[in-house]
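Numbering (the working numbering), first residue to last: 2 to 304.
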């Protein structure tokens, strides 16, 4: 890794305080561009608009998705802005390059009946981890937390009596999220029961304040969280592609359908821009149209 890229990595990690996952994605995108330059025998100081367009064409010709190409372009635009600020380069040729068109598919959401079946399927379990997983499911349905936010919850994250939690989202941005009385009950049961059993299995003598622990008493990982959701889905006998973001999408869409203000949903989700939250209005509109054509006797579509 060259010096400017190392400085940029430190800037993302320590100044912008991006998650390690985001930092890794940025560096990977930039290294992909550097690899392209090396293969084309193009020096760093020769990067201009024609070179950038050639890179974008090369990516698309090699079946890299337009969504990925757009992300790579955004990463490089940010990187070159940093290089310009540090006076490594005079100009940022990426600023005026238009990204290839891409229409993002609308996120799928779970119907309330599907959510009910998922919760019932998990409640039917008899193993001792059932209560932990039930809390995870209810919590994610009730708060719309990201996977990374769920696994990083600590004992200090919760105000049990007032029923709200404090979470640190992207960029370590703090927000307060309320939760349901059902989550309150499950949380108390988990703290007084399963979590104590998991702590007893822990080999490390160091105490931990992490809320969710795995079967060995260590911090639950994102991979572990995904495995839990996959296991619960199998017990339903239905394929819904149950993953953390599906629960988040469902949370936001259900709030919108019940009349919640878009700005409130933005705050609960921890979105920096209202434009990110706006997608749920399209999901809700699509669902309204679908329900209309399904239910109304005189609204059948003509072929």
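A virtual CB, placed ideally from N, CA and C, is assigned to each residue, including glycine.
- Nearest to residue 212 by alpha carbon, out of 126, 80, 140 and 274? On the chain shown, residue 212 is found 211 positions in, with the first residue counted as 1. Out of 126, 80, 140 and 274, 140 has the C-alpha closest to the C-alpha of residue 212.
- Message: Need the endpoints of the alpha helix (DSSP H) that residue 141 sits in, please.
- Response: The sequence position of residue 141 within the chain shown is 140, counting from 1. Per DSSP, residue 141 is one residue of the alpha helix (DSSP H) stretching across 131–144.
- Message: Restricting to Cα atoms, I'd like to know which of 6, 23, 102 and 184 is closest to residue 1.
- Response: Beyond the ends of the chain as shown, which are 2 and 304, falls residue 1; an answer cannot be given.
- How is residue 273 classed by DSSP in three states: helix, strand or coil? As a working note, residue 273 is residue 272 in the chain shown. Coil at residue 273, not helix or strand.
- Item | Spatially closest choice to residue 264 from 254, 278 and 252, by CA coordinates | Here residue 264 is taken as the residue at index 263 of the chain shown, counted from 1. Ranking 254, 278 and 252 by Cα distance to residue 264 puts 278 first.
- Task: Verify the CB distance criterion: does residue 176 have a CB-CB separation below 7 Å to chain C?
- Result: Among the protein chains of the structure shown there is no chain C, as only one such chain exists.
- Which same chain residues, not among the five before or five after residue 304, have their C-beta less than 8 Å away from its C-beta? Position 303 of the chain shown, counted from the first residue, corresponds to residue 304. Residue placement at residue 304 is poorly supported in this model, since its pLDDT is 45, which falls under 50; the coordinates still yield a value, given next. Contacts found: none.
- Task: Please report the residue range of the beta strand (DSSP E) in which residue 183 lies.
- Result: Residue 183 sits at position 182 when you count from the first residue of the chain shown. Residue range 182–193 is occupied by the alpha helix (DSSP H) that includes residue 183, with no beta strand (DSSP E) assigned at that position.
- Message: Tell me the DSSP secondary structure of residue 167 in three-state form.
- Response: As a working mapping, residue 167 is identified with position 166 in the chain shown. It is a strand residue.
- Quick one, are the C-beta atoms of residue 256 and residue 243 less than 7 Å apart? Taking the first residue of the chain shown as 1, we reach residue 256 at position 255. Taking the first residue of the chain shown as 1, we reach residue 243 at position 242. Between residue 256 and residue 243, the C-beta spacing is not below 7 Å.
- Item | Segment limits, alpha helix (DSSP H) that includes residue 124 | As a first step, residue 124 is located in the chain shown; it is residue number 123 there, counting from the start. Run containing residue 124: 113–124, per the alpha helix (DSSP H) assignment.
- Task: Please work out which residues of its chain come closer than 6 Å, Cβ to Cβ, to residue 262, disregarding the five sequence neighbours upstream and downstream, and give them in chain order.
- Result: Walking along the chain shown from the start, residue 262 turns up at place 261. Excluding residues within five positions, none has a Cβ falling inside 6 Å.
- Query: Could you give the C-beta distance for residue 233 and residue 111, rounded to a whole number, given that I count them as a contact under 8 Å?
  - Reply: For the purposes of this step, residue 233 is taken as residue 232 along the chain shown, with counting starting at 1. For the purposes of this step, residue 111 is taken as residue 110 along the chain shown, with counting starting at 1. Not confirmed; about 12 Å, so no contact.
- Query: With distances taken from CA atoms, which of 191, 171, 272 and 168 is nearest residue 130?
  - Reply: For the purposes of this step, residue 130 is identified with residue 129 of the chain shown, where counting begins at 1. Residue 191 is the option with its Cα nearest to residue 130.
- Item | Nearest-angstrom beta carbon gap, residue 9 and residue 80 [assumed within contact, 8 Å] | Within the chain shown, the letter at position 79 stands for residue 80. Within the chain shown, the letter at position 8 stands for residue 9. Taking a contact as a CB-CB distance under 8 Å, the pair residue 80 and residue 9 counts as one, their CB atoms being some 6 Å apart.
- Message: With H, G and I counted as helix, E and B as strand and the rest as coil, what does DSSP make of residue 94?
- Response: By 1-based counting over the chain shown, the position of residue 94 is 93. Looking at residue 94 - three-state DSSP - the assignment turns out to be coil, as it is neither helix nor strand.
- Give the DSSP-derived three-state secondary structure of residue 155 in the structure shown. In the chain shown, counting from the first residue as 1, residue 155 sits at position 154. Looking at residue 155 - three-state DSSP - the assignment turns out to be strand.
- Item | Distance, residue 121 Cα to residue 236 Cα | Locating residue 236 in the chain shown gives position 235, where the first residue counts as 1. Locating residue 121 in the chain shown gives position 120, where the first residue counts as 1. Looking at the two C-alpha atoms, the distance is approximately 10 Å.
- May I have the straight-line CA-CA distance separating residue 148 from residue 85, to the nearest angstrom? As a first step, residue 148 is located in the chain shown; it is residue number 147 there, counting from the start. As a first step, residue 85 is located in the chain shown; it is residue number 84 there, counting from the start. Going by the C-alpha atoms only, they are around 35 Å apart.
- Query: In terms of residue numbering, what span does the alpha helix (DSSP H) encompassing residue 234 cover?
  - Reply: Locating residue 234 in the chain shown gives position 233, where the first residue counts as 1. Where residue 234 is concerned, the enclosing alpha helix (DSSP H) stretches over 223–237.
- Item | Beta-carbon proximity check, residue 27 vs residue 13, cutoff 7 Å | As a first step, residue 27 must be located in the chain shown, where it is residue number 26. As a first step, residue 13 must be located in the chain shown, where it is residue number 12. In contact: residue 27 and residue 13 (Cβ atoms closer than 7 Å).
- Task: Give me the Cβ distance between residue 60 and residue 30, rounded to the nearest whole Å; I'm assuming they're in contact under 8 Å.
- Result: The residue given as residue 60 occupies position 59 in the chain shown. The residue given as residue 30 occupies position 29 in the chain shown. Contact doesn't hold; Cβ gap of about 10 Å is too wide.
- Item | Alpha-carbon to alpha-carbon, residue 82 and residue 165 | For the purposes of this step, residue 165 is taken as residue 164 along the chain shown, with counting starting at 1. For the purposes of this step, residue 82 is taken as residue 81 along the chain shown, with counting starting at 1. The straight-line gap from Cα to Cα measures roughly 39 Å.
- Query: Hey, residue 187 and residue 218: beta-carbon distance below 7 Å or not?
  - Reply: Counted from its first residue, the chain shown places residue 187 at position 186. Counted from its first residue, the chain shown places residue 218 at position 217. Cβ atoms of residue 187 and residue 218: not closer than 7 Å.
- Query: Who are the near neighbours of residue 78 in its chain, counting only those whose CB is closer than 6 Å to its CB and skipping five residues on each side?
  - Reply: By 1-based counting over the chain shown, the position of residue 78 is 77. Around residue 78: 95.
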